[in-house]
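Residue numbers for the sequence shown follow full-length UniProt numbering, so the first one is 1 and each next one is one higher. Glycine included, C-beta positions come from ideal geometry on N, C-alpha and C.
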Amino acid sequence: MRPYLVFAAACALALAGCSAATPGSGAPTTSAAPPPSPSDTASASTGNPDPAKFAPQVVARAREAGVDPQLVLAILYNEDYKPHDPQLERAWQNLKPDAAFGVANMHRATFDETRRGRPFASRQWTELPDDPDLAIEAEAWYLHDLTAQLPAKHSGQYTTDELLALGYNAGPGNMKAFARGTKPGAQAQTYLVDLRAAWAKAGAAVGKR
């Protein structure tokens with residue numbers, strides 16, 4: 001998915017070759033996602049690139065899911081390596097059907113599994129680019145699910161929050177392996193370095209010191 005320049009160039013090509021209104025792969029061309037609320041639209045379109053702008057949503061959704069808001073926001077910082085513009089995300093998805101959507105960069109299969117039995121069960125993955133609050137809600141509940149899969153005892157190499165972040169990036173199977181002491185690969189190591197770099201500012205934004 002990295003670097004940003006590759007993403008931006010590919011999106012520019014996609015936008016030049018297709019309609020901006022084209023929905024994501026698998027979505028019927030005649031049924032658009034429900035329109036986001038005015039507050040969601042404002043959040044998505046604001047020019048402020050700092051994920052800390054989502055701190056109120058992060059705190060609320062983390063509380064609902066019973067996870068650490070600092071972790072939720074730190075992951076948003078990690079996932080902010082590309083512009084979360086709905087039009088660009090859909091253009092990129094036209095080129096790469098398995099691409100992730102929303103400010104938390106969630107894949108379709110993960111979203112569909114996470115939403116089961118949740119307050120957002122009726123929502124669709126294709127809505128994520130337009131609705132940052134939905135993306136954050138799904139992220140928080142996915143972290144809730146990862147927590148349930150984390151071994152009660154794990155090596156002291158990583159904190160629980162670090163393991164959950166690695167699980168978010170690399171999947172629950174790899175998370176369990178890392179908890180047993182397996183060394184993460186280069187991509188997961190980079191994700192961990194970025195998480196640690198964002199940890200303090202994420203904590204400050206959600207009111208933790």
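Can you give me the C-alpha to C-alpha distance between residue i and residue j, rounded to a whole angstrom?
i	j	result
residue 10	residue 95	Reliability of the predicted coordinates at residue 10 is poor, the pLDDT of 46 falling under 50, and no value is obtained from them.
residue 198	residue 55	14 Å
residue 98	residue 171	15 Å
residue 213	residue 78	The question about residue 213 has no answer, for the chain in this structure spans 1 to 209.
residue 50	residue 74	11 Å
residue 121	residue 196	32 Å
residue 117	residue 207	30 Å
residue 133	residue 123	12 Å
Should residue i be labelled buried (16 or more other beta-carbon atoms within 10 Å of its own) or exposed?
i	result
residue 167	buried
residue 183	exposed
residue 114	buried
residue 110	buried
residue 62	buried
residue 48	exposed
residue 205	buried
Please look up how many angstroms separate the CB atoms of residue i and residue j, rounded, as I've assumed it's under 8 Å.
i	j	result
residue 58	residue 144	Not a contact, Cβ separation roughly 14 Å.
residue 193	residue 140	No, residue 193 and residue 140 are not in contact; Cβ-Cβ is about 23 Å, not under 8 Å.
residue 138	residue 106	6 Å
Every unbroken alpha helix (DSSP H) inside the UniProt domain "Transglycosylase SLT" (62 to 178) [4 residues or more]: With a minimum length of 4 residues, the unbroken runs of alpha helix (DSSP H) contained wholly in the UniProt domain "Transglycosylase SLT" (62 to 178) fall at 69 to 78, 86 to 95, 108 to 114, 132 to 149 and 160 to 170.
Validate contact between the segment 147 to 160 and the segment 121 to 129 using beta carbons, cut 8 Å, 3 pairs: No, the segment 147 to 160 is not in contact with the segment 121 to 129.
Given 8 Å, three or more beta-carbon pairs between the segment 101 to 110 and the segment 83 to 93: Verdict: yes, contact present.
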